[in-house]
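>
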Amino acid sequence: MVVLAPKLARFDYIIIGGGASGCALATTLSQNATVLVLERGGGSLYNNPTATDIDNFANTALNNTPNSAGFYTHASDDYVEKAEWEMEEVEAAYEWVEKKLVYEPPMKGWQSARPKPKAYGVIYQDADGVFHKAELVNKAMNEVILSAGAIGSPQLLMLSGVGPEAHLKAHKINHVVLDHPMVGQGMGDNPMNIFVVPSPKPVGVSLLEVVGITKFDSFIEGCAGLSLSYNLTRRFFDGVLRLPNEESHSTQSNIHLFKSIDGLILQKVDGPLSRGHLELQNTNPNDNPSVTFNYYQDPEDLEKCVKGLRAIIKVINSNAFSSYKYPNATARELFNLMVGIPTNLRPRHVTSMFNLTQFCIDTVMTIWHYHGGCQVGRVVDKNYKVLGVDALRVIDGSTFLRSPGTNPQATVMMLGR
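Sequential numbering of the sequence shown, starting at 760, is according to the numbering used here.
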């Protein structure tokens, strides 16, 4: 049965975004209040019937919004202390997340003197193009809560007239509610570099279940036995054919190695220190904004990447790993392979085949751990209320000053809870 939303409805809380924080937040608030959750949709893994098929995990994740690859991790005590969260509340919220979602897998190896503007509701469009209005019930405690993620929340603030005034007016958003220059600033993403590892023998299915946490703040992770070959081969092989064949390695070598991609080893930089920004491309909320993460702009991030790659090289060249790779697939050969794969739109340099610093820069990828854009102390206060606006909060990863640990999903859910 199809239930149509009314043209006008009123709620105690309106949450924009049904992701990790939005759903946990809605569960908490709905115990004693009326709550409306607005979710854009269109990118959920759960609309895909193959999403729960572990053998098809890689292909599904590559074509959808990622869900932390099934990897559960806490923010460290140091992270909690610096965020000024209450430890007991944090632990209780993590326990709730764990009871709802987590199981233990088998181990395999962001003022004005004038009156503040106030949020009072939302206008949204449903899948049939019909516009609806949702307003807050007129009570002092009721709020609109943005939980649209690190990309969506700063974008929606700007489209609603809260953001850098010059930028908003440049896009003909003339009703600027509040000149808020820090909206969209401080964007971060953990940079990742990967190695694909063809194996001469069958390997068991393993998601990112184990992570190596180094002393130099780089995480080493691996997965194996996934159905990588069709999706990756089609994407990367098509890209390889379009690349100028100028490097010392041959395209034919890449084609041969792509016949069997059985595992991935990746390194991801903690933090990171490098920061970028988010800007509107237009005023259509259905279009993505433009985001610049400035991967490896900070020398310290780059140094961590180099150290992480050295750790991977030691693993690949170890006796214990020898039976899981072809005899000619040395770390150097895998370097050459990765340089030929169009993992991004950056130009390739021949020096990246033997210079780890250049390799990090040339082959960097996202690991989808976007954060920033509505950071605590810059866009929101310590209670996540938008500075200068009443009845409006942001509760999601856009408020983070840095990424919490390895995978942020559990911490985002904890924050919502």
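Note that beta-carbon positions come from the ideal geometry of N, C-alpha and C, so glycine has one too. It should be emphasised that the depicted structure is a prediction, and the values quoted were computed from it without experimental measurement.
Taking only three categories from DSSP, how would you classify T811?
Only weak support exists for where T811 lies, its pLDDT of 46 falling under 50; the coordinates are left without a value.
> Can you check which of these residues, A907, T832, A899 and A852, is closest to V796 by C-alpha distance?
Minimum Cα distance to V796 is reached at A907.
> Please report the distance separating the alpha-carbon of E968 from that of G920.
Straight-line Cα distance between these residues: approximately 43 Å.
> Name the DSSP bridge partner or partners of T1051?
In the DSSP output, where bridge partners are listed per residue, T1051 has H1036.
> Using the DSSP secondary-structure output, state which residues sit across from K877 in a beta bridge.
D1149.
> Locate the alpha helix (DSSP H) running through V970, then write down its first and last residues.
First-last for V970: V970 to I972, but that is the beta strand (DSSP E), not the alpha helix (DSSP H).
> Evaluate the contact criterion for the stretch 962-978 versus the stretch 1145-1162: three or more CB pairs, one atom per stretch, below 8 Å.
The stretch 962-978 vs the stretch 1145-1162: no contact.
> Do three or more CB pairs link the stretch 1020-1032 to the stretch 1043-1061 at distances below 8 Å?
With a cut-off of 8 Å, the stretch 1043-1061 and the stretch 1020-1032 count as touching, because enough Cβ pairs lie within range.
> With a CB to CB cut of under 8 Å and the five nearest residues on each side skipped, what residues in its chain are close to T1042?
Counting only Cβ-Cβ distances below 8 Å, and skipping sequence neighbours, we find L918, H930, K931 and I932.
> Within this structure, are the beta carbons of V1138 and V1153 separated by less than 8 Å?
Yes, these two residues count as a Cβ contact at 8 Å.
> I think S1140 touches S780, with their Cβ atoms under 8 Å apart; what is that distance to the nearest whole Å?
Note that residue 1140 is Asp in the sequence shown, not Ser. Contact doesn't hold; Cβ gap of about 17 Å is too wide.
> Which residue marks the beginning of the beta strand (DSSP E) containing Q944, and which one marks its end?
Taken as a continuous stretch (DSSP letters only), the beta strand (DSSP E) holding Q944 covers Q944 to M946.
> Tell me where the beta strand (DSSP E) around L1025 begins and ends.
First-last of the beta strand (DSSP E) with L1025: G1022 to V1028.
> Counting only the same chain and skipping the five closest in sequence on each side, list residues whose C-beta sits under 6 Å from that of P923.
Only P940 meet the Cβ criterion.
> Which residue marks the beginning of the alpha helix (DSSP H) containing M941, and which one marks its end?
Here M941 belongs to no alpha helix (DSSP H), and DSSP marks it neither H nor E.
> Leaving aside the five residues before and after F1209 along the sequence, list all residues of the same chain whose C-beta is less than 8 Å from its C-beta, in chain order.
Here the chain covers residues 760 to 1176 and nothing more, so residue 1209 does not appear.
> Sorted by chain position, which residues of the same chain lie with C-beta nearer than 6 Å to L1037's C-beta, five sequence neighbours on each side aside?
If we look at L1037 and ignore the five residues flanking it on each side, its Cβ neighbours are P913, G943, M946, P1048, V1050 and G1132.
> Which stretch, first to last residue, makes up the alpha helix (DSSP H) that contains S1179?
The question about residue 1179 has no answer here: the residues shown for the chain are numbered 760 through 1176.
> Alpha helix (DSSP H) containing H926: first to last residue?
It spans E924 to A929 - the alpha helix (DSSP H) in which H926 sits, taken as one unbroken run.
> For Q1134, does the count of other Cβ atoms within 10 angstroms reach 16, so buried, or fall short, so exposed?
Looking at its Cβ environment, which holds 16 or more other Cβ atoms inside 10 Å, Q1134 is buried.
> Roughly how far, in whole angstroms, is the beta-carbon of T832 from the beta-carbon of N1114, given that I think they are within contact range, below 8 Å?
Wrong, their Cβ atoms sit about 32 Å apart, outside the cutoff.
> Have a look at D771 and A792 and give me their C-alpha separation to the nearest angstrom.
Taking the straight line joining both Cα atoms gives about 6 Å.
> Roughly how many angstroms lie between the CA atoms of I1072 and N1103, to the nearest whole one?
Rounded to whole angstroms, I1072 to N1103 spans 22 Å at the Cα level.
> Looking only at its chain, what residues have a beta carbon closer than 6 Å to the beta carbon of K1027, apart from the 5 residues adjacent to it on each side?
The residues are N949, M951, F978 and I1126.
> Within the same chain, show all residues whose beta-carbon is closer than 8 Å to that of V1065, passing over the 5 residues directly before and after it, in chain order.
Result list for V1065: L1115, T1116 and C1119, in chain order.
> Kindly indicate which residue of G1136, A925 and N1076 has the alpha-carbon position closest to the one of K841.
Nearest of G1136, A925 and N1076 to K841, Cα basis: G1136.
> Using only CA atoms, which one of E850, G776, A983 and M1124 lies nearest to P1101?
For the residues E850, G776, A983 and M1124, the minimum Cα distance to P1101 belongs to M1124.
> Between the C-alpha atoms of L767 and C982, what's the straight-line distance to the nearest angstrom?
Each residue's alpha carbon lies about 48 Å from the other.
> Is the separation between the beta-carbon of L915 and that of V903 shorter than 8 Å?
Cβ distance not < 8 Å, so L915 and V903 don't count as in contact.
> If we count the other Cβ atoms within 10 Å of its Cβ and call it buried at 16 or more, is R1107 buried or exposed?
The residue in question, R1107, is buried, as its Cβ has 16 or more Cβ neighbours within 10 Å.
> Give me the DSSP bridge partner(s) of N952.
DSSP output for N952 lists Q1026 as bridge partner(s).
> Taking only three categories from DSSP, how would you classify L1160?
Residue state, collapsed to three classes: coil.
> Would G1193 be called buried (16 or more neighbouring beta carbons within 10 Å of its own) or exposed?
What the structure shows of the chain is the stretch from 760 to 1176, and residue 1193 is not part of that stretch, so it cannot be assessed.
> Who does R769 pair with in a DSSP beta bridge?
In the DSSP output, where bridge partners are listed per residue, R769 has E894.
> Within its chain, find whatever has a CB closer than 7 Å to the CB of V839; leave out the 5 residues flanking it on each side and keep chain order.
Taken in chain order, the residues that qualify are M846 and V849.
> Near P959, what residues of its chain come up, given a Cβ to Cβ distance below 6 Å and the 5 sequence neighbours on each side ignored?
The answer, listed in chain order, is Y1085.
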